[in-house]
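Its first residue numbered 18, the sequence shown is counted upward by one per residue in this note's numbering. The structure under discussion appears below in the form of structure tokens.
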Amino acid sequence: MSQSVLKENYDLVLNKVKRACERAGRDEKDVTLIAVSKTKPVEMLQEVYDYGCRDFGENKVQEIMDKYDKLPNDIRWHMIGHLQTNKVKYIVDKVYMIHSVDSIKLAKEISKEAVKKNVTVKILLEVNVAQEETKFGMMSDEVKEFYNEVIDLPGLKVCGLMTIAPYVEDSEENRQYFVKLRQLMVDMTEEKNDNKDVGELSMGMTGDYEVAIEEGATYVRVGTGIFGERNYFI
Ligand SMILES: *Cc1c(COP(=O)(O)O)cnc(C)c1O
């Protein structure tokens, strides 16, 4: 992909984010575009960094570790993929946020390793709102109990919820799931609403991020829309 195409893509996505915010009457600053760079070479990440992007999303621990040392240290790395407990220790002090926390065991491991390294990790709870069998994430009715169980763990800060909506041709079909995730966050915090950091909604990908923004997304995760198709299946 030539340099200008990457710039064109990035600008186009930024523009669509901006327009979706306008439509929804939201402040642009409340929505962060995460460039999902999995499988892409560091040269491409550096280029998007040079255009101003500071938030990058990866779904593999090894890939974060490989890229981490080769790129500027003011990048905010977002772990968006399924995370195995035995790999938490490698990234707990490297990532800005872990979007994919879906088990108590994982939350406890993050807590343990964060305390060991003297850091606080921001986490999101991953919810399978569409109840797809192939997806990770807790079920909607488990969210509140899960939240109450992990909220006081040391070394981590529960910031909100994340979902991966189904792959659909028409993004409108996913609006219901984005509405649902936002409602789940309201329900989750109704008792313990002293935690003011809870307010993040990570939802929306290349096919549906505009709808997600209209429904309250604070993080959108866009891969293909910026970097083009991924070359191999992961
Ligand atoms: C790959 C991935 C994305 C980006 O997907 P695109 O459709 O390429 O934008 C977003 N979120 C998660 C969790 C992913 O694994």
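Don't be surprised by glycine CBs; every beta carbon is placed ideally from N, CA and C.
Check	Outcome
Nearest-angstrom Cα separation, counted from E207 out to P58	43 Å
Burial state of K111 (16 or more Cβ within 10 Å)	buried
Alpha-carbon to alpha-carbon, M96 and D169	22 Å
Proximity test, M222 beta-carbon vs ligand 1 heavy atom, cut-off 7 Å	yes
For L198, the nearest candidate out of T235, K24, A52, L50 (CA to CA)	T235
Three-state secondary structure (DSSP) of L50	strand
V239 beta carbon near ligand 1 (any heavy atom closer than 7 Å)	yes
Neighbour-count burial assignment, S21, 16 or more Cβ in a 10 Å radius	exposed
Any non-hydrogen atom of ligand 1 closer than 7 Å to G242 Cβ	yes
Closest by C-alpha distance to Y66, when choosing among T137, E186, V160, I92	I92
Segments assigned alpha helix (DSSP H), at least 4 residues, entirely inside the stretch 64-144	78-85, 105-108, 121-134
Selected residue, minimal CA-CA separation from A41, among V132, D187, Y226	Y226
Buried versus exposed call for R36 [16 or more other C-beta atoms within 10 Å across all chains shown]	exposed
Cβ-heavy atom distance, G98 to ligand 1, below 7 Å	yes
Cα-Cα separation, R71 to E166	32 Å
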